[in-house]
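**Q**
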Amino acid sequence: MSLQEKQVQSGLSFFSCGDKDLDDFFHCDAAEYEHALFGKTYAFVHKKSGEISSMFTISNGSVQARQMRRTLRDKVPYPKRLIHNYPSVLIGRLAVNENFQGNGIGSEILDFLKIWFSDSHNKTGCRFLAVDAYNAPSVLKFYGNNEFSFIFKSEKEERESLQLHENEPLRTRMMCCDLFHYAESLRKSL
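If you count the sequence shown from 1, you need to add 254 to reach the numbering used here.
1. Give a yes or no on contact between the region 286–295 and the region 352–372, applying the rule of three or more CB pairs nearer than 8 Å.
2. Buried or exposed for Cys380, please, with buried defined as at least 16 other CB atoms from any protein chain shown within 10 angstroms of its CB.
3. Can you give me the C-alpha to C-alpha distance between Asn357 and Phe268, rounded to a whole angstrom?
4. Return the chain-ordered list of same chain residues with a C-beta closer than 8 Å to the C-beta of Leu424, the five sequence neighbours on each side being excluded.
5. Helix, strand or coil for Ala297? Go by DSSP, reduced to three states.
6. Short of 7 Å in beta carbon distance, which residues of its chain neighbour Asp386, apart from the five on each side in sequence? Order them along the chain.
7. Any heavy atom of the ligand SAM closer than 7 Å to the Cβ of Asn351?
8. DSSP puts Tyr340 in a beta bridge; with which residues?
9. With a cut-off of 8 Å on the beta carbons, I'd call Leu344 and Ala290 a contact; round off their distance for me.
10. Have a look at Ser303 and Asn353 and give me their C-alpha separation to the nearest angstrom.
11. Going along the chain, which residues of its own chain have a beta-carbon closer than 6 Å to the beta-carbon of Ser256, five neighbours each way excluded?
12. In whole angstroms, what separates the C-alpha of Lys220 from that of Pro341?
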């Protein structure tokens, strides 16, 4: 284990974003999730305080073409519109330490991921950055403000796709960000 990994491990017990589900995931499940090769968790450590300022877990995923709203699907070149799934990177969890909230760190992480997966040195080919966002107004607004769009036109359509009963709560909403324009702007800057 590297020095940085030890620092993160020791600081993890003090990490809290204020959401029990997210805190439980990072405290109890993230290591096992990573060991099972379901995702990779990253932590940013504040240089001055040494505290973990934020954490996120990502994995490979796909966005099903039949689920996508037409406005998103129309941005894909015509021959590729015929495929069933578009490659994506899925943000499984994203949390900012309560002590650092309100400083734009969540948006900075999303900007980092947009660039990381659209520059010429990215680790995987993907067209979209996707998230299953908590179905809470503040969370949906956060992703919307960061260029994420709903994959489904409505909650009803998403509920039907997930085969949920109409009275069953829709706990998350599927959203994505098209990385193509980031890749294009990075190519032009070279």
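Where a beta carbon is used, it is the ideal one built from N, C-alpha and C, also for glycine.
**A** The answer reads as follows:
1. no
2. Your numbering for residue 380 matches position 126 in the sequence shown. So Cys380 counts as buried.
3. Taking the sequence shown and counting its residues from 1, one reaches residue 357 at position 103. Taking the sequence shown and counting its residues from 1, one reaches residue 268 at position 14. Using only the alpha carbons, I get a separation of about 19 Å.
4. Position 170 of the sequence shown, counted from the first residue, corresponds to residue 424. Cβ within range, chain order: Asn389, Glu409, Glu412, Arg413, Leu416 and Leu418.
5. Against the sequence shown, residue 297 aligns to sequence position 43. If DSSP states are grouped into helix, strand and coil, Ala297 belongs with the strands.
6. Along the sequence shown, one-based indexing puts residue 386 at 132. So the qualifying residues of the chain are Thr426 and Met428.
7. The ligand SAM is absent from the structure shown, which contains no ligands of any kind.
8. As a position in the sequence shown, residue 340 is number 86, starting the count at 1. DSSP output for Tyr340 lists Val317 as bridge partner(s).
9. Position 90 of the sequence shown holds residue 344. Position 36 of the sequence shown holds residue 290. Between Ala290 and Leu344 the Cβ distance is about 15 Å, and since that is not below 8 Å, they are no contact.
10. Numbered from 1 along the sequence shown, position 49 holds the residue referred to as residue 303. Numbered from 1 along the sequence shown, position 99 holds the residue referred to as residue 353. Taking the straight line joining both Cα atoms gives about 11 Å.
11. The residue labelled residue 256 in the question sits at position 2 within the sequence shown. Residue placement at Ser256 cannot be trusted, given a pLDDT of 39 that sits under 50; the coordinates are not used to answer.
12. The question about residue 220 has no answer here: the residues shown for the chain are numbered 255 through 444.
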